[in-house]
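Participant: One point on numbering: in numbering that gives the first Met the number 0, the residue at position 222 of the sequence shown is 221, and numbering is uninterrupted.
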Amino acid sequence: MVKVRGLLFYLLLLTGAGGCSVVRQVEDIPADDYLVPASLFGAREIGQDPTPERIKAAIEWEDSSILIIPQGEGLPSLRFGRDNTPDFRVFRRALDIDVLTIPFKVRPSVEGFPEQLNPNFSAALYLGRRIDSYHIKPLARGKRRNTVSGFGGGYGGFVGLGSVTMNPFVTRNAITYEYEGLVLTGGAAAIYDAKKFNMGLAMGSDFLVDKNRENWIYHKKVWFGLLFGLNLN
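1) Go ahead and label R43 buried or exposed: buried means 16 or more other beta carbons lie within 10 angstroms of its beta carbon, across all protein chains shown.
2) What does a CB cutoff of less than 8 Å around S204 pick up in its chain, not counting 5 residues either side in sequence?
3) Could you spell out the range, first to last residue, of the beta strand (DSSP E) harbouring R212?
4) Drop a sphere of 10 angstroms on the beta-carbon of R91, count the other beta-carbons inside from all chains shown, and report buried for 16 or more, exposed for fewer.
5) Please classify S63 as buried or exposed, where buried requires at least 16 other C-beta atoms within 10 Å of its C-beta.
6) Going by DSSP, what residue range makes up the beta strand (DSSP E) through G127?
7) Could you check where the beta strand (DSSP E) with G41 kicks off and where it finishes?
8) Which stretch, first to last residue, makes up the beta strand (DSSP E) that contains S162?
9) Just to confirm, is the Cβ distance from L226 to I101 under 7 Å?
10) Between which two residues does the beta strand (DSSP E) holding Y191 run?
11) My output table needs one value for A57: the three-state DSSP class, helix, strand or coil.
12) Looking only at its own chain, which residues have a Cβ that is under 6 Å from the Cβ of M202, when we skip the five neighbours before and after it?
13) How far does the beta strand (DSSP E) with A37 in it reach, from first residue to last?
14) Between S76 and D192, what straight-line distance do the alpha-carbon atoms span, to the nearest angstrom?
15) With distances taken from CA atoms, which of F168, N211, H134 is nearest P85?
16) For the beta strand (DSSP E) containing L95, list its first residue and its last residue.
17) Contact check, I216 vs V105 under 8 Å by CB: the rounded distance?
18) If you run the structure through DSSP and keep just helix, strand and coil, what is F196?
19) Using a 10 Å radius around the Cβ and a threshold of 16 neighbouring Cβ atoms, would you call L116 buried or exposed?
Structure, rendered in structure tokens:
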């Protein structure tokens with residue numbers, strides 16, 4: 000169990016290598032609907048009470064200004080120039096569809112076997128919930144553009160295909176040969192958006208599809224791994 004924890008800690012360190020810049024600098028924010036602070040609109044001053052903390056609004060990032068168009072709130076649109084943009088944060092939530100690769104899996108000890116690091120490749124389709132956050136800051140002295148920092152991440156489930164090495168040792172000596180078995184793999188994942196690709200941690204299990212599944216010691220057993228992905232939407 001101690002060794003498993005050590006391996007998991009190592010996985011977290013690898014993921015954290017990208018985490019040193021988890022909140023990254025971006026040039027602008029994508030045009031979309033966001034949750035923006037209600038205080039930007041001075042909602043209390045125009046008679047809205049109680050005031051919601053955040054209001055859904057479309058944001059259009061232009062060369063010299065930021066346009067904020069509230070959705071169905073009866074509030075006026077706002078346009079901030081680069082030199083009078085306030086300090087505020089916006090959020091958006093969306094459905095996330097990714098193609099994932101899992102380059103290796105850490106399998107906990109089972110039936111006398113020590114913890115295993117298996118480099119067998121797996122590919123999966125991920126479906127989950129994505130959250131993006133952007134922090135827009137006022138124009139700093141000597142700068143031509145507003146500073147914008149962003150974070151993206153999410154959580155969800157995945158299902159896919161992979162391969163595993165089958166031999167006498169992992170089948171309780173039920174076979175006398177070695178081959179690559181096909182498995183259905185599935186589980187849950189937490190993903191961080193590293194801008195050009197996604198990365199994260201996964202926890203899942205494998206289902207061997209051939210006749211040796213009942214003898215395979217890792218059949219339906221939990222594994223942990225790193226994942227990398229490409230956002231499809």
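Where a beta carbon is used, it is the ideal one built from N, C-alpha and C, also for glycine.
Facilitator: Well, looking at it:
1) Residue 43 sits at position 44 when you count from the first residue of the sequence shown. Caution applies to R43, whose pLDDT of 44 falls short of 50 and renders its modelled position unreliable; the model cannot decide the point.
2) By 1-based counting over the sequence shown, the position of residue 204 is 205. Same-chain partners within the cutoff: T184, G185, G186, K219, K220, V221, W222.
3) As a first step, residue 212 must be located in the sequence shown, where it is residue number 213. Careful: R212 lies outside any beta strand (DSSP E) and carries neither H nor E.
4) Here residue 91 corresponds to residue number 92 of the sequence shown, with the count starting at 1. When all chains shown are included, R91 counts as buried.
5) Taking the sequence shown and counting its residues from 1, one reaches residue 63 at position 64. Counting Cβ neighbours within 10 Å, S63 comes out exposed, since fewer than 16 surround it.
6) Looking up residue 127 in the sequence shown gives position 128. Looking at the DSSP string, the run of the beta strand (DSSP E) that includes G127 is 121-135.
7) To locate residue 41, count along the sequence shown from 1; it is residue 42. Per DSSP, G41 lies in no beta strand (DSSP E) and is assigned neither H nor E.
8) Reading the sequence shown from its first residue, position 163 is the one you call residue 162. 147-165 is the extent of the beta strand (DSSP E) around S162.
9) On the sequence shown, position 227 is the one that residue 226 refers to. On the sequence shown, position 102 is the one that residue 101 refers to. Their beta carbons are under 7 Å apart, which means L226 touches I101 by this criterion.
10) As a first step, residue 191 is located in the sequence shown; it is residue number 192 there, counting from the start. 178-192 is the span of the beta strand (DSSP E), which, as asked, contains Y191.
11) Residue numbering aside, residue 57 sits at position 58 when the sequence shown is read from its first letter. Strand at A57.
12) Stepping through the sequence shown from its first residue, residue 202 is reached at position 203. Contacts found: G186, A187, F223.
13) Against the sequence shown, residue 37 aligns to sequence position 38. Membership of A37 in any beta strand (DSSP E) is not indicated, and neither H nor E is assigned to it by DSSP.
14) Start at 1 with the first residue of the sequence shown, and residue 76 comes out as number 77. Start at 1 with the first residue of the sequence shown, and residue 192 comes out as number 193. Each residue's alpha carbon lies about 30 Å from the other.
15) Looking up residue 85 in the sequence shown gives position 86. Measuring from the Cα of P85, the nearest candidate turns out to be H134.
16) By 1-based counting over the sequence shown, the position of residue 95 is 96. Contrary to the premise, residue 95 reads as Asp rather than Leu in this sequence. Its beta strand (DSSP E) spans residues 87-101.
17) The residue labelled residue 216 in the question sits at position 217 within the sequence shown. The residue labelled residue 105 in the question sits at position 106 within the sequence shown. Not confirmed; about 15 Å, so no contact.
18) The residue given as residue 196 occupies position 197 in the sequence shown. Here F196 sits in coil by DSSP.
19) What you label residue 116 is simply residue 117 of the sequence shown in a count that begins at 1. Counting other Cβ atoms within 10 Å of its Cβ, L116 stays below 16 and is therefore classed as exposed.
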